[in-house]
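Input: a single structure, listed below in C-alpha cells.
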Amino acid sequence: MHELSIVMSIVDTVEKERGKQQADAVESIELDIGMISGVEMDAFYFAWDAGVSKTILENTKLKINRPPAKAKCTACGHSFAATSSFDACPECGNPFCDIISGKELRIKRMIVIKN
Ligand SMILES: [Zn+2]
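The sequence shown begins at 3 in our numbering and counts up by one.
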C-alpha cells in the first residue's frame, strides 16, 4: 500500500530528527498533504494507525492540513484553482501550467518533549 510506505517514511524521518534533538517523545505532528498529492486520505488514516503502532509516533497527536491545488500559467501568468496536475489555463487555454501548491507531502511541524 502506497500510503503505508508514506507513513513509514514519516516515522523514519521523525526518528532521525528525534535523535538529533535528543527528544524523548513527540507530542504532536502536523503534516501538509496537498489536495492533488495523490494520497487517499481514508487509506492514509488507516495506514497511520497501523504504521505508527509501537513507534515513537504511537501516541502522537496528528494534525493534517490539506493545501488546495493552485496552478500558474506559464504563458500569461494567470493563477487559478486547479483540479488536477493537468489543467489548462482558463484565461488563455495554455495546457502547460506550473502547479504551485496542492502536491505537498511533508512534515510541517512537530513538537517534541525533552526531559
Ligand atoms: Zn494563461
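Each residue gets a CB set at the ideal place from its N, CA and C atoms; glycine is no exception.
Environment of residue i [buried if 16+ CB atoms lie within 10 Å]
| i | result |
| --- | --- |
| Phe46 | buried |
| Cys94 | exposed |
| Ile109 | exposed |
| Gly40 | exposed |
| Arg20 | buried |
| Ile102 | exposed |
| Met43 | exposed |
Contact under 8 Å by Cβ, residue i with residue j
| i | j | result |
| --- | --- | --- |
| Ala83 | Pro69 | no |
| Leu59 | Val114 | no |
| Asp100 | Ala73 | yes |
Beta-bridge partners of residue i, as assigned by DSSP
| i | result |
| --- | --- |
| Asn67 | Asp34 |
| Met112 | Ile31 |
Three-state secondary structure assigned by DSSP to residue i
| i | result |
| --- | --- |
| Leu6 | helix |
| Lys18 | helix |
| Ser11 | helix |
| Asp44 | helix |
| Asp100 | strand |
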